[in-house]
Amino acid sequence: MIFNKIENVDKADVVVVGGGTAGCAAAISCAMMGVDTLLVEKNSFLGGSCTGGQVTPMMCNRVEGNIDNSSINALIKRKLKKDGFALDDGYGNDGWFNPEMMKFVLEDFYLETGGRILYDSEIVDAEVENGKIKSIIVHNRSGLQKIEGKIFIDCTGDCELAYLSGAECFCGNKKGNSQAVSLRFMVGGVDFYKLRNFISEIGEVCILSHPLFEMASEGNLNTPLSNILKKAVDSGTLKVEDIVYFQAFAVPGMPGVLSFNCPEVSDVNIFDGKESSKTLIKCRRMIKRLFAFLKNDFPGFEDSFIISVSNMLGVRESRRLKGLYVLSEKDFQLRKKFEDGIAKTSYSIDIHGEMDEKSSGNLSMGKGEYVEIPFRCLVSADIENLLAAGRCISSTFIAQSAIRIQPTCRETGEAAGIGAAICAKENLNVQNLDGRAVRFEMENRMKKLL
Ligand SMILES: Cc1cc2nc3c(=O)[nH]c(=O)nc-3n(C[C@H](O)[C@H](O)[C@H](O)COP(=O)(O)OP(=O)(O)OC[C@H]3O[C@@H](n4cnc5c(N)ncnc54)[C@H](O)[C@@H]3O)c2cc1C
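In terms of the working numbering, the sequence shown is residues 3 to 452.
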């Protein structure tokens, strides 16, 4: 009976589950306020999608002036930039970064704040008593362990903790379908000079200057690059599914390396173990075909090699918490502002895969326009000591597609960390915390930084 072997090994005032994009910001933010913080992560490194998932570059929130609302995100970029591992593209995005070096920066930054990390530990259960999470159960090399806490923050991307504790969650669109997933990969040994010339020769525009570079195509478009990919399908080198979405970015501090934001697969239930395993196998076969095509037929890739394939399936959207407020497309239409607004974005609705909502998703904003995310989107409607941050905050399917970008995930992470710290210090239920205090602290931190 393994459940008899659970030991009460640890406790912390605030327990952050998931040390990814948002989780690191949450844990740093909370520990910075002098609160005993434990970060539980199933991988053996921090960063989640932005490191293990190889998701680079960060998009930017596109709010006029491109000013960060998260001091922690701004500091992360500064730390990376100092050693040449982050770059500004000169077109409004200073979030080009090196995912491997991001692991070091996040770990050092968090440990400097005095926080603790438990790596290789996957949450498998939660003990809830009188509407509060009393403890979580994690599995790691020591077996099953119990961790008690006053406040818990779910930063797993998939609302794992919320789900295990019985909090209400949403998932997918009205039909229950989620956005397409991708398995990213990196290719090294690329001759950028040759590649850039080829891309210009075929008539694609590349505005970015060396060392930055991007190329992108969608199978249903009629662009010079997509026509080349279609020819590869006609000749049998690639399959139609391989070219649905094709995109690659240069990586700061990694000369000759491209990070591919593909292949992409639709209609995957990531909560079905067999289905996600089959998808990983399918994606790896797609990568093999894409790489063979690049190496044999694409100028600049003659001496290239695969450096690595992401160690996690890239999930754009899955479970979302039901919070005190559900951010919706209506809020985007109205460019809504909130007294407890803790994040700002002007990023467009960005739905991947064949979804009905794609056509209704054109809510792009004009100059100076943006929507705010209220702190209440991070507060569980059901559990008194549970907050969430990252792509799994309380939002509709359509709204989530815009707020899932990394800077916004870090803003919600930083806000959740502040909220959790205040609640732990003052013995408050998260629902009773005035989100304006969190906004105030975030604005103060930014003022100090500028
Ligand atoms: C293919 C793809 C391309 C994208 N492209 C871009 C882009 O170009 N720019 C951009 O800004 N954004 C992009 N995004 C979006 C963005 O990267 C993610 O939405 C964001 O990083 C999610 O952050 P998060 O903290 O919510 O989740 P994650 O960063 O994924 O972190 C979740 C963490 O929780 C951990 N975890 C999960 N379950 C458990 C458990 N049971 N126990 C313990 N730990 C657990 C994971 O290991 C992980 O570390 C992309 C996303 C994908 C998938």
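Using N, Cα and C, we set each Cβ at its ideal position, and we do this for glycine too. Bear in mind that the values here come from a model prediction, so they are computed numbers and not experimental data.
| Asked | Found |
| --- | --- |
| If distances are taken between C-alpha atoms only, which option among Y372, F87, K449 and A422 comes closest to D436? | A422 |
| What is the rounded straight-line gap between the Cα of E43 and the Cα of Y247? | 30 Å |
| Quick check: the region 154-172 against the region 389-398, are at least 3 beta-carbon pairs closer than 8 Å? | yes |
| Under DSSP, the alpha helix (DSSP H) around V235 begins and ends at which residues? | P226 to D236 |
| Alpha carbons only, please: which of L292, S350 and D299 is nearest the one belonging to I308? | L292 |
| Is it buried or exposed, Y349, if we count other Cβ atoms within 10 angstroms and call 16 or more buried? | buried |
| Closer than 7 Å: is that where the CB of R321 sits relative to any heavy atom of ligand 2? | As presented, the structure is devoid of ligand 2, carrying ligand 1 as its sole ligands. |
| Since G190 sits in a beta bridge, which residues does DSSP pair it with? | F307 |
| To which residues does DSSP link N142 through a beta bridge? | G145 |
| Does Q56 come out as helix, strand or coil in the three-state DSSP assignment? | coil |
| Here's a check: name, in chain order, each residue in its chain whose Cβ is nearer than 6 Å to the Cβ of D160, leaving out the five neighbours to either side. | S320 and R321 |
| Does ligand 1 have even one heavy atom less than 7 Å from the beta-carbon of G174? | no |
| Express the C-alpha separation of K232 and M60 in angstroms, rounding to a whole number. | 29 Å |
| With distances taken between CB atoms, is the gap from R412 to A24 smaller than 8 Å? | yes |
| Below 6 Å CB to CB, which residues in the same chain sit around A250 once its five sequence neighbours on both sides are set aside? | M217, L260 and F262 |
| Just the C-alpha distance for L108 and G49, rounded to the nearest angstrom, thanks. | 7 Å |
| Could you say which of G151, I138, A29 and V373 lies nearest to I420 if we only look at CA atoms? | A29 |
| In the DSSP assignment, find the unbroken alpha helix (DSSP H) run with K332 in it and report its ends. | E331 to L336 |
| Would you list the one or two residues that DSSP bridges to E131? | K134 |
| Quick check: the Cα distance between N142 and L323, rounded to an integer number of angstroms? | 26 Å |
| Going by the C-beta, is V1 closer than 7 Å to any heavy atom of ligand 1? | As displayed, the chain neither begins before 3 nor continues past 452, which places residue 1 out of reach and without an answer. |
| Return yes when the Cβ of K338 is within less than 8 Å of the Cβ of E304, no when it is not. | no |
| Helix, strand or coil: how does DSSP classify R161 here? | Reading the sequence as shown, one finds Cys at residue 161 and not Arg. Correct three-state label for C161: coil. |
| Based on Cα-Cα distance, which residue from G54, L365 and V19 lies nearest to V311? | G54 |
| Please list the segments of the alpha helix (DSSP H) lying wholly inside the region 252-327, counting only runs of 4 or more residues, in order along the chain. | 275-299 |
| Give me whichever residues DSSP pairs with C173 in a beta bridge. | R321 |
| Tell me the start and end of each unbroken beta strand (DSSP E) in the region 94-122 that is at least 3 residues and wholly inside, in chain order. | 118-120 |
| If you compare alpha carbons, which of N271, P257 and F194 is closest to K177? | N271 |
| With I204 and I230 assumed to form a contact (beta carbons below 8 Å), what rounded beta-carbon distance in angstroms separates them? | 7 Å |
| Assuming L41 and Y112 form a contact by the criterion Cβ under 8 Å, report the distance between their Cβ atoms to the nearest whole angstrom. | 7 Å |
| Starting from M35, trace the beta strand (DSSP E) in both directions and tell me its first and last residue. | Neither: M35 is in no beta strand (DSSP E) and is coded neither H nor E. |
| Using CA coordinates, which residue listed in R406, M357, N429 and G343 is at the minimum distance from F442? | G343 |
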